[in-house]
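*Asks:* Residue numbers (the working numbering): 222 to 441.
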Amino acid sequence: MIDVSIDDKLKERWPNAKLGCIQAKVAVNKSSEKLINEINEFCDTINQSLKVEDITKLDKIKDARNAYKELGKNPSRYRTSSEALVRRIIQGKGLYTINNIVEINNLISIKSLYPVGTYNVSKLHSPVCFTVGDEGEQYKGIGKELINIENLPILSDSVGKFGSPTSDSERAMITEDANEILICIFSFSQESDIEEYFGYAKELLKEYADGKDIETKIIK
């Protein structure tokens, strides 16, 4: 597995920060009807069990919001991807469909309530570090304008910053030419159950993306 760590800059400000990393060889394709149905069924479950006002009371989302506040980032303006996805579902907007890997990423996120990011390993330059964005830093988000990543919990490699629990940059985004991926499950909670979702992620990758050589690791 690619070398991944969490630096002191983040740990000193939020000691509970953790990563669950999954690296695998995959085939990127259009999502199957079965995968889309699995996502839609779980979206229905969320709709039946939650209201918008409940979202920020969920422990994992609340912990992430508190971490953002501690780092100096407004969690209502810079929502974690898990919060944003659940919010879209409850508001009846549904989830975008991009490709099987993006859909698997989003399904893990809405099931676990952790923000999840998935990256093309061939576009990364080891080592990877989970850190905090520096003053004045920006990058171009996927389908977005420049994102202010100052004080944002952020993934960085030897080339620069590329991903966060809020929004990823275009550099390592998943396109059809990707054949090896790194999934990062971001946790800001003292009590973390990331490992419980490793098995689920493996099942999804094997069934829907021809996943092979799957490795997992918790980074604390």
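The beta-carbon is built from N, C-alpha and C at its ideal position, and this holds for glycine as well.
1) Can you name the residues that DSSP bridges to residue 351?
2) Alpha carbon to alpha carbon, what distance is there between residue 355 and residue 322?
3) Taking Cβ positions, are residue 327 and residue 394 nearer each other than 8 Å?
4) Compare the beta carbon distance of residue 353 and residue 225 with 8 Å and say whether it is the shorter of the two.
5) DSSP state of residue 261, grouped into three classes?
6) If you reduce the DSSP assignment to three classes, tell me which class residue 367 lands in.
7) Comparing alpha-carbon positions, which option in 343, 363, 325 and 228 lies nearest residue 260?
8) Residue range of the beta strand (DSSP E) that residue 434 falls in?
9) Contact defined as beta carbons within less than 8 Å: I believe residue 409 pairs with residue 284. What is the distance between those atoms, to the nearest angstrom?
10) Roughly how many whole angstroms lie between the Cα atoms of residue 437 and residue 370?
11) Which one or two residues does DSSP pair with residue 246 in a beta bridge?
12) Return helix, strand or coil for residue 202, following the three-state DSSP convention.
13) In whole angstroms, what is the alpha-carbon distance linking residue 386 and residue 244?
14) Beta carbon of residue 360, beta carbon of residue 390: below 8 Å?
15) Thinking just about the alpha-carbon of each residue, which of 258, 268, 382 and 397 is nearest to the one in residue 247?
16) Per DSSP, which residues does residue 340 bridge with? Please list them.
17) Could you spell out the range, first to last residue, of the beta strand (DSSP E) harbouring residue 299?
18) Assign residue 232 to one of three DSSP states: helix, strand, or coil.
19) Looking at the unbroken beta strand (DSSP E) that takes in residue 360, where does it start and where does it end?
*Replies:* Answer, in terms of the structure:
1) Counting from one through the sequence shown, the residue named residue 351 turns up at place 130. Paired residue(s): 227 and 376.
2) Along the sequence shown, one-based indexing puts residue 322 at 101. Along the sequence shown, one-based indexing puts residue 355 at 134. Computed Cα separation, rounded: 30 Å.
3) Indexing the sequence shown from 1 puts residue 327 at position 106. Indexing the sequence shown from 1 puts residue 394 at position 173. It is not a contact, given that the beta carbons lie outside the stated cut-off.
4) As a working note, residue 353 is residue 132 in the sequence shown. As a working note, residue 225 is residue 4 in the sequence shown. Taking 8 Å as the Cβ cut-off, residue 353 and residue 225 do not qualify as a contacting pair.
5) Translated into positions along the sequence shown, residue 261 becomes position 40. In this structure, residue 261 counts as helix in the three-state DSSP scheme.
6) What you label residue 367 is simply residue 146 of the sequence shown in a count that begins at 1. Residue 367: strand per DSSP, three-state reduction.
7) Translated into positions along the sequence shown, residue 260 becomes position 39. Comparing Cα-Cα distances from residue 260 to each of 343, 363, 325 and 228, the minimum goes to 325.
8) Translated into the one-based positions of the sequence shown, residue 434 becomes position 213. Residue 434 -> beta strand (DSSP E) spans 433-440.
9) Along the sequence shown, one-based indexing puts residue 409 at 188. Along the sequence shown, one-based indexing puts residue 284 at 63. Rounded, the Cβ-Cβ distance is 5 Å, consistent with contact.
10) As a position in the sequence shown, residue 437 is number 216, starting the count at 1. As a position in the sequence shown, residue 370 is number 149, starting the count at 1. Roughly 27 Å between the two C-alpha positions.
11) The sequence position of residue 246 within the sequence shown is 25, counting from 1. Its beta-bridge partners are 401 and 433.
12) Because the chain spans 222 through 441 in this model, residue 202 falls outside it and cannot be assessed.
13) Working through the sequence shown from its first residue, we reach residue 386 at position 165. Working through the sequence shown from its first residue, we reach residue 244 at position 23. Straight-line Cα distance between these residues: approximately 18 Å.
14) Within the sequence shown, residue 360 is the residue found at index 139, counting from 1. Within the sequence shown, residue 390 is the residue found at index 169, counting from 1. A contact, by the Cβ cut-off of 8 Å.
15) The count along the sequence shown starts at 1 and reaches residue 247 at position 26. Of 258, 268, 382 and 397, the residue nearest in Cα terms is 397.
16) The residue given as residue 340 occupies position 119 in the sequence shown. DSSP output for residue 340 lists 403 as bridge partner(s).
17) Within the sequence shown, residue 299 is the residue found at index 78, counting from 1. Looking at the DSSP string, residue 299 is not in any beta strand (DSSP E), and its letter there is neither H nor E.
18) What you label residue 232 is simply residue 11 of the sequence shown in a count that begins at 1. Helix.
19) The residue labelled residue 360 in the question sits at position 139 within the sequence shown. Element bounds for residue 360: 359-361.
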